Amino acid sequence: MIIYEFKVKAKPAQCRAIDEAIRTSQFIQNKCLRYWMDNKGVNKYELNKHCAVLAAEFSFASELNSMARQASAERAWSAISRFYDNGKRKVKGKKGFPRFKRNCRSVEYKTSGWRLDDNRKAITFTDKKGIGRLKLKGTRDLNFYSLEQIKRVRLVRRADGYYAQFAISVDVRIQSEPTHKVIGLDLGLKYFIAGSDGSVEPVPQFYRKSERQLSRANRKKSKKYSPEKKKEKIPQSKNYHKSRNRYARKHLRVSRQRKEYCKRIAYSVIQSNDLIAYEDLNVKGLVRNRHLSKSISDAGWSIFRQWLEYFGHKYGKATVAVPPHYTSSDCSNCGTRVKKALSTRTHVCPACNYVADRDTNASRNILERGLFTVGHTGNYACGDLPSWSIGVSLLANGESVNQESPLLD
Numbered sequence: 043m044i045i046y047e048f049k050v051k052a053k054p055a056q057c058r059a060i061d062e063a064i065r066t067s068q069f070i071q072n073k074c075l076r077y078w079m080d081n082k083g084v085n086k087y088e089l090n091k092h093c094a095v096l097a098a099e100f101s102f103a104s105e106l107n108s109m110a111r112q113a114s115a116e117r118a119w120s121a122i123s124r125f126y127d128n129g130k131r132k133v134k135g136k137k138g139f140p141r142f143k144r145n146c147r148s149v150e151y152k153t154s155g156w157r158l159d160d161n162r163k164a165i166t167f168t169d170k171k172g173i174g175r176l177k178l179k180g181t182r183d184l185n186f187y188s189l190e191q192i193k194r195v196r197l198v199r200r201a202d203g204y205y206a207q208f209a210i211s212v213d214v215r216i217q218s219e220p221t222h223k224v225i226g227l228d229l230g231l232k233y234f235i236a237g238s239d240g241s242v243e244p245v246p247q248f249y250r251k252s253e254r255q256l257s258r259a260n261r262k263k264s265k266k267y268s269p270e271k272k273k274e275k276i277p278q279s280k281n282y283h284k285s286r287n288r289y290a291r292k293h294l295r296v297s298r299q300r301k302e303y304c305k306r307i308a309y310s311v312i313q314s315n316d317l318i319a320y321e322d323l324n325v326k327g328l329v330r331n332r333h334l335s336k337s338i339s340d341a342g343w344s345i346f347r348q349w350l351e352y353f354g355h356k357y358g359k360a361t362v363a364v365p366p367h368y369t370s371s372d373c374s375n376c377g378t379r380v381k382k383a384l385s386t387r388t389h390v391c392p393a394c395n396y397v398a399d400r401d402t403n404a405s406r407n408i409l410e411r412g413l414f415t416v417g418h419t420g421n422y423a424c425g426d427l428p429s430w431s432i433g434v435s436l437l438a439n440g441e442s443v444n445q446e447s448p449l450l451d
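Residue numbers for the sequence shown follow the numbering used here, so the first one is 43 and each next one is one higher.
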């Protein structure tokens with residue numbers, strides 16, 4: 043399954059129709075979640091049947107395509123099944139009880155409710171929401187695929203406009219020549235990755251570099267915000283919404299920079315090696331450190347791991363996640379455990395006098411563990427499913443991790 047994304051050219055009336063379709067999708071998803079909470083033992087098929095009840099009860103829900111309503115119910119069931127799975131696997135801490143959505147940014151259609159033009163440069167939505175015909179702007183060519191291969195179409199709202207995503211069923215695996223090389227990767231804050239072969243990649247720090255501009259845009263947004271209007275439930279001014287959108291576009295640019303950087307590094311590592319061992323980091327737990335949370339979030343370790351697993355699946359390369367315990371402390375030369383503070387950046391072994399950079403020493407330990415173990419079987423960056431399989435059911439915020447850049451084909 044691959045995702046092709048196009049920016050759509052829409053008129054103001056069409057934009058309002060897309061927003062209404064997104065709100066309706068969110069409404070159905072929340073109603074299905076409430077139905078599950080009020081009725082014990084409800085399964086996925088009963089939630090799909092409940093969509094017809096909602097369509098009969100609410101006229102605006104009936105205007106949305108029937109399969110789009112079912113897709114919204116499937117999103118609710120996705121959160122419910124994840125909650126069940128976490129309970130069965132005895133995940134520590136909170137099990138992720140499903141929550142009601144407040145700010146959904148996408149609506150998903152299945153195989154009906156839309157129609158592509160003959161030249162595949164425009165799409166027409168045929169339900170009663172009034173979206174109509176939208177022109178597709180992008181470099182991808184949908185003529186290579188049949189209509190039967192397009193399993194889902196999504197409309198996504200972002201700060202810089204609206205996008206159409208096409209989930210296409212196709213085998214992404216590509217045969218590649220073996221390089222006869224293996225590498226261990228240590229993820230860090232001094233270097234983005236440090237390889238066991240001595241190679242390093244710097245941390246780009248996109249957020250840190252843009253933090254001054256983001257703070258200035260946030261201050262301008264705050265100056266136009268009126269607490270009195272909020273208290274009296276009066277809409278904020280148009281200037282506030284303009285500055286709010288301007289601030290959101292700056293954040294969107296930073297996130298895209300981080301994603302493209304992680305994608306490029308992951309692609310380069312996969313093309314250069316046959317086996318890649320990396321740390322199975324608990325990023326959600328690491329960001330609780332109030333001194334390092336901003337730097338860890340800015341590094342994008344989870345995004346890098348997702349793309350590494352996806353490209354490993356695509357090109358037939360082995361990716362192994364190993365436990366990170368004591369990889370920085372153990373000597374990669376003799377195995378002696380040398381305790382050191384986080385500020386100590388050089389590994390000096392008192393037993394064998396081996397001296398190396400802290401991250402390089404850790405990457406060699408990671409490679410050694412990866413060669414002698416299979417890592418965590420079934421443990422992927424996004425749960426039980428590998429990250430390359432994500433995209434069949436889109437997240438409520440409209441993101442999809444396996445959208446490839448044209449440069450990476």
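Even glycine gets a Cβ: it sits at the ideal position worked out from N, Cα and C.
From a predicted model like this one, the values you see are computed outputs, not experimental measurements.
The Cβ atoms of I64 and R199 lie closer than 8 Å to each other. Beyond the five residues adjoining it in sequence on each side, A341 comes within less than 7 Å, by CB distance, of L231, F234, V245 in the same chain, given in chain order.
Boundaries of the beta strand (DSSP E) around Q207: 203-210.
In the three-state reduction of the DSSP assignment, L231 falls in the coil class. For A236, the beta-bridge partners assigned by DSSP are D228, V242. When R332, S335, A363, W119 are compared, the shortest CA-CA separation from F346 is found for A363. E47 carries a strand assignment under DSSP once its states are collapsed to helix, strand and coil. Per DSSP, reduced to three states, the secondary structure at S188 is coil, with no helix or strand assignment. The beta carbon of V397 sits closer than 6 Å to the beta carbons of V390 from its chain, once the five residues preceding and following it are set aside; these are given in chain order. K130 carries a helical assignment under DSSP once its states are collapsed to helix, strand and coil. Residue pairing for F167: DSSP places it in a beta bridge opposite W156, G174.
The beta carbon of D239 is closer than 7 Å to those of I225 in its chain, skipping five residues each way along the sequence.
The residue from I45, D160, K356 with its alpha-carbon nearest to that of Q191 is I45. By the neighbour-count criterion, in which a residue is buried when 16 or more other Cβ atoms sit within 10 angstroms of its Cβ, P140 is buried. Closest in alpha carbon position to Y320, among A360, S211, L328, is A360. Shown here, H389 sits in a strand according to DSSP, grouped into three states. Under the 10 Å beta carbon count, V195 is surrounded by 16 or more other beta carbons and is classified as buried.
Note on geometry: alpha-carbon atoms of K53 and K177 lie some 10 Å from one another. Note on geometry: alpha-carbon atoms of N260 and E302 lie some 25 Å from one another. Per the Cβ contact rule, the stretch 163-178 is not in contact with the stretch 130-144 (fewer than 3 Cβ pairs under 8 Å). Scanning its chain for C-beta atoms nearer than 7 Å, with the 5 sequence neighbours on each side dropped, one finds around S405 the residues G226, L227, D228, A236, G237, S238, in chain order. Straight-line spacing of the CA atoms in S108 and A94 works out to 8 Å.
Residue state for A52 is assigned as coil, using DSSP reduced to three classes.
Nearest to L75 by C-alpha distance, out of A103, E116, R411, Q56, is E116. Cβ neighbours of D202 within its own chain (closer than 7 Å, five residues either side excluded): R291, L294.
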